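Engineer:
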Amino acid sequence: NLISLNLYMKHVMTEKNKSNKMWGGRFNAGPDALMEEINASVDFDKRLYKQDIEGSQVHASMLAKQGIIDKKEADLICDGLSKISLEIEMDEFTFSKSLEDIHMNVEARLSEIIGDVAGKLHTARSRNDQVALDFRMWVRDQIDLCTIELRKLIEIFLNQAELYDGLLMPGFTHMQTAQPVTWSHHMMAYVEMFGRDLDRFKDARLRMNECPLGGAALAGTSFPIDRDYTSKKLGFDRPTANSLDSTSDRDFALEFLSSSAICAMHLSRFSEELVIWSSSQFNFVNISEKFSSGSSIMPQKKNPDAAELIRAKSSRINGSLVAFLTMMKGLPLTYSKDMQEDKEQVFDAADTLLLSLAAMGGMVRELTPNKDVLEKATSKGFSTATDLADWLVKNVNVPFRKAHKITGEIVKIAETQGCELKDLKLKEMQRVCNEINNDIYTVLSIKNSVNSRDSYGGTSPKEVRKQIAMWKKKISK
Ligand code: ARG
Numbered sequence: 170n171l172i173s174l175n176l177y178m179k180h181v182m183t184e185k186n187k188s189n190k191m192w193g194g195r196f197n198a199g200p201d202a203l204m205e206e207i208n209a210s211v212d213f214d215k216r217l218y219k220q221d222i223e224g225s226q227v228h229a230s231m232l233a234k235q236g237i238i239d240k241k242e243a244d245l246i247c248d249g250l251s252k253i254s255l256e257i258e259m260d261e262f263t264f265s266k267s268l269e270d271i272h273m274n275v276e277a278r279l280s281e282i283i284g285d286v287a288g289k290l291h292t293a294r295s296r297n298d299q300v301a302l303d304f305r306m307w308v309r310d311q312i313d314l315c316t317i318e319l320r321k322l323i324e325i326f327l328n329q330a331e332l333y334d335g336l337l338m339p340g341f342t343h344m345q346t347a348q349p350v351t352w353s354h355h356m357m358a359y360v361e362m363f364g365r366d367l368d369r370f371k372d373a374r375l376r377m378n379e380c381p382l383g384g385a386a387l388a389g390t391s392f393p394i395d396r397d398y399t400s401k402k403l404g405f406d407r408p409t410a411n412s413l414d415s416t417s418d419r420d421f422a423l424e425f426l427s428s429s430a431i432c433a434m435h436l437s438r439f440s441e442e443l444v445i446w447s448s449s450q451f452n453f454v455n456i457s458e459k460f461s462s463g464s465s466i467m468p469q470k471k472n473p474d475a476a477e478l479i480r481a482k483s484s485r486i487n488g489s490l491v492a493f494l495t496m497m498k499g500l501p502l503t504y505s506k507d508m509q510e511d512k513e514q515v516f517d518a519a520d521t522l523l524l525s526l527a528a529m530g531g532m533v534r535e536l537t538p539n540k541d542v543l544e545k546a547t548s549k550g551f552s553t554a555t556d557l558a559d560w561l562v563k564n565v566n567v568p569f570r571k572a573h574k575i576t577g578e579i580v581k582i583a584e585t586q587g588c589e590l591k592d593l594k595l596k597e598m599q600r601v602c603n604e605i606n607n608d609i610y611t612v613l614s615i616k617n618s619v620n621s622r623d624s625y626g627g628t629s630p631k632e633v634r635k636q637i638a639m640w641k642k643k644i645s646k
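With the working numbering as the guide, the letters of the sequence shown map in order to residues 170 to 646.
Put into structure tokens, the structure is as follows:
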């Protein structure tokens, strides 16, 4: 087949290749084409170029500050690196697979621009601590982006909660009508979830913010480097404390992935609700046309594609997390090339999460609840049955279990009559429990039911408004 023919041709052609520039001394032959194919990572790790260049510039200025290289040499290196950064940004940089990865592509180009001095950049450093640094900085940037997107999303949910203050809707357990709640309360439940996601990212960032540069290959270095300086210049809180751990630790990426997976799971759960709510059977909400698509055959269809895709995309992030964990679990200290496979999972997860957060934000901003349908649905399914039982406990002094049984019997009567609890005649209820009086009707109304649930965190609009105010203050900080 074509792919293997292609690989074979490359194989034949590279037999005579020069050995690699960076370690040619020990090698007589160049790599097999298949080796190049499996070994090269530049196609994807070029995404680390900014972090790689910034890290190298700080490393070079530290080497100069410590008298390990000349100040002039460091300046030459830094200027050359800035030029390379520009070339990459302008799409004028030629990446070469034979140079394996972003690190060696940048260094090789640097030697083209400034000559032999470029060779001094890698003093007291290894690609092992270099890649650990680049990747950590990249993940840190993604955490900051996710934080921004999450805050925006929280504001959008808060806005939904405020906009439809007091709007009633059925609350579900087992996907069966349970008790009446409010739309705002439901929106605020997601605010809580996204708030925890924010905390998880913040927490992960705090823990990962240690600089691995200086771990060198694995054992540290005999050069008099200043790790506090590089750490500080690169925005870290401190240098990592164990050089073996510095080069082999990928917890920071795993914590990013696990926080992302949990966050994506939250997005997926709301997506699922939107898919159900927007069906014609429910008709609870209207999803904007901007976030829906039509059917090529059924003209009446408006499909909630964005919600379905966000729901599906969470599985990609789960996949990345599991792949990453599996890749790491068998690795002895310190660096193994397996770890080159760490990046694509994280790149894909970050892209996926950021897109999902933004799409969810757009969709929820434009989401409109169908008030009448929601209110009508709230009064169905005997959603005030618990209120009836609670009334019996408070007014007739029966234990809750007994009240539960009495209520069950009253529900059965309503069910056979095909009416709601509030439509039952007092006499019919008294036949089950003769202590019931007219006062019962106050708790059978949905509005009263909702208002009465004013325990901390409960669904009463008064309580929910407090939560909204608290979150608005928190998020504006
Ligand atoms: N491209 C490599 C990676 O992503 C860089 C580190 C290579 N280190 C080594 N000892 N071969 O992991």
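Glycine residues also receive a C-beta, built at the ideal position from the N, C-alpha and C atoms.
Because the structure is a prediction, the values reported are computed rather than measured.
Leaving out five residues before and five after Leu522 in sequence, what residues of the same chain have Cβ atoms less than 7 Å from its Cβ?
Structural biologist: Here the set comprises Cys315, Ser429, Cys432, Ala433 and Ile486.
Engineer: By how many angstroms is the C-alpha of Thr553 removed from the C-alpha of Leu375?
Structural biologist: Near 47 Å, if we compare the C-alpha coordinates of Thr553 and Leu375.
Engineer: Which residues in the same chain as Ala583 place their Cβ atom closer than 7 Å to its Cβ, once the five residues preceding and following it in sequence are excluded?
Structural biologist: Phe551, Glu589, Leu590 and Leu593.
Engineer: Kindly confirm or deny that the region 494–502 and the region 526–540 touch, where touching means at least three C-beta pairs closer than 8 Å.
Structural biologist: Because the criterion of three Cβ pairs below 8 Å is not met, the region 494–502 and the region 526–540 do not touch.
Engineer: Count the other C-beta atoms from every protein chain shown that fall within 10 angstroms of the C-beta of Arg396, then say buried if there are 16 or more, exposed otherwise.
Structural biologist: Burial call: buried.
Engineer: Can you find the residues in the same chain that come closer than 6 Å, C-beta to C-beta, to Glu513, ignoring five residues on each side of it along the sequence?
Structural biologist: Answer for Glu513: Phe213, listed in chain order.
Engineer: What do you reckon, are the CB atoms on Leu382 and Asp298 nearer than 9 Å?
Structural biologist: The answer is yes: Cβ separation under 9 Å.
Engineer: Is DSSP giving Val515 helix, strand or coil here?
Structural biologist: Val515 falls in the helix class under three-state DSSP.
Engineer: Within a Cβ cutoff of 6 Å, which residues of the same chain sit near Cys602, ignoring the five residues on either side of it in sequence?
Structural biologist: Here the set comprises Ile575.
Engineer: Tell me whether Val275, by its Cβ, gets closer than 8 Å to a heavy atom of ligand 1.
Structural biologist: No, ligand 1 has no heavy atom inside 8 Å of this Cβ.
Engineer: What I want to know is whether the C-beta of Asn197 ends up closer than 8 Å to one or more non-hydrogen atoms of ligand 1.
Structural biologist: Asn197: no, Cβ never under 8 Å from ligand 1.
Engineer: From what residue to what residue does the beta strand (DSSP E) around Val567 run?
Structural biologist: Val567 -> no beta strand (DSSP E), and no H or E assigned at all.
Engineer: Between Glu458 and the rest of its own chain, which residues show a CB-CB distance below 8 Å, the 5 nearest in sequence each way excluded?
Structural biologist: Within the same chain, Glu458 has close Cβ partners Lys471.
Engineer: What separation, rounded to the nearest whole angstrom, lies between the Cα atoms of Val181 and Asp201?
Structural biologist: With a pLDDT of only 49 at Val181, under 50, the local geometry of the prediction cannot be trusted, and no value is derived from it.
Engineer: Pull up the CB-CB distance for Phe129 and Val491, whole angstroms please, since I reckon it's below 8 Å.
Structural biologist: Residue 129 lies beyond the residue range present for the chain, which begins at 170 and ends at 646; the question has no answer from this structure.
Engineer: Give the C-beta separation of His435 and Phe363 to the nearest angstrom, bearing in mind that I take them to be a contact with Cβ-Cβ under 8 Å.
Structural biologist: With a Cβ gap of about 7 Å, His435 and Phe363 count as contacting.
Engineer: Using the C-alpha atoms, what's the distance from Lys581 back to Leu561?
Structural biologist: Near 17 Å, if we compare the C-alpha coordinates of Lys581 and Leu561.
Engineer: I'd like to check one pair, Ala386 with Tyr504: are the Cβ atoms closer than 9 Å?
Structural biologist: Going by C-beta atoms, Tyr504 is nearer than 9 Å to Ala386.
Engineer: Over the uninterrupted beta strand (DSSP E) stretch that includes Ala293, give me the two end residues.
Structural biologist: No beta strand (DSSP E) holds Ala293; DSSP gives it neither H nor E.
Engineer: Which residues share a DSSP beta bridge with Ser462?
Structural biologist: Asn472.
Engineer: To which residues of the same chain is Gly463 closer than 8 Å at the C-beta, ignoring the five residues directly before and after it?
Structural biologist: Once the five neighbours on either side are set aside, the close Cβ partners of Gly463 are Lys470, Lys471 and Asn472.
Engineer: Taking 8 Å as the cut-off, is the CB of Arg216 close to at least one heavy atom of ligand 1?
Structural biologist: No, Cβ of Arg216 sits at least 8 Å from all heavy atoms of ligand 1.
Engineer: When DSSP labels each residue in this structure, what does Gly340 get in the three-state scheme?
Structural biologist: The answer is strand: DSSP assigns Gly340 an E or B state.
Engineer: Look at His272 and Asp303 and say whether their C-beta atoms are less than 9 Å apart.
Structural biologist: Yes, Cβ-Cβ distance for His272 and Asp303 is below 9 Å.
Engineer: In the structure shown, what three-state DSSP assignment does Ala388 receive?
Structural biologist: Of the three classes helix, strand and coil, the one that applies to Ala388 here is coil, per DSSP.
Engineer: Measuring alpha carbon to alpha carbon, tell me which of Val619, Ile579 and Gly384 ends up nearest Pro410.
Structural biologist: The sequence given here has Ala at residue 410, not Pro. Residue Gly384 is the option with its Cα nearest to Ala410.
Engineer: Between Lys266 and ligand 1, is the CB less than 8 Å from at least one heavy atom?
Structural biologist: No, the Cβ of Lys266 stays beyond 8 Å of every heavy atom of ligand 1.
Engineer: Between the beta-carbon of Asn617 and the beta-carbon of Pro630, is there less than 9 Å?
Structural biologist: Contact flag unset, no.
Engineer: Could you check the C-alpha separation between Tyr333 and Leu613 for me, to the nearest Å?
Structural biologist: Tyr333 and Leu613: Cα-Cα distance of roughly 23 Å.
Engineer: Please work out which residues of its chain come closer than 7 Å, Cβ to Cβ, to Tyr507, disregarding the five sequence neighbours upstream and downstream, and give them in chain order.
Structural biologist: The question names Tyr, but residue 507 is Asp in the sequence shown. Excluding positions up to five away in sequence, the list reads Met496 and Leu500.
Engineer: From the DSSP output, which residues share a beta bridge with Gln345?
Structural biologist: According to DSSP, which records beta bridges pairwise, Gln345 is partnered with Thr342.
Engineer: Go to Val286, then tell me how far its alpha helix (DSSP H) extends in each direction, as first and last residue.
Structural biologist: No alpha helix (DSSP H) contains Val286, which DSSP labels as neither H nor E.
Engineer: Over the uninterrupted alpha helix (DSSP H) stretch that includes Thr416, give me the two end residues.
Structural biologist: Ser412 to Ser417 is the extent of the alpha helix (DSSP H) around Thr416.
Engineer: Considering only heavy atoms of ligand 1, does any lie closer than 8 Å to the CB of Lys506?
Structural biologist: Lys506 Cβ: within cutoff of ligand 1.
Engineer: Spatial neighbours of Arg419 within its chain, please: C-beta separation below 7 Å, excluding the five flanking residues on both sides.
Structural biologist: Only Met497, Met508 and Asp511 meet the Cβ criterion.
Engineer: If I measure Cβ to Cβ from Gln235 and keep anything under 7 Å in the same chain, skipping five residues before and after, which residues do I get?
Structural biologist: So the list reads Pro393, Ile394 and Asp395, once near-sequence residues are dropped.
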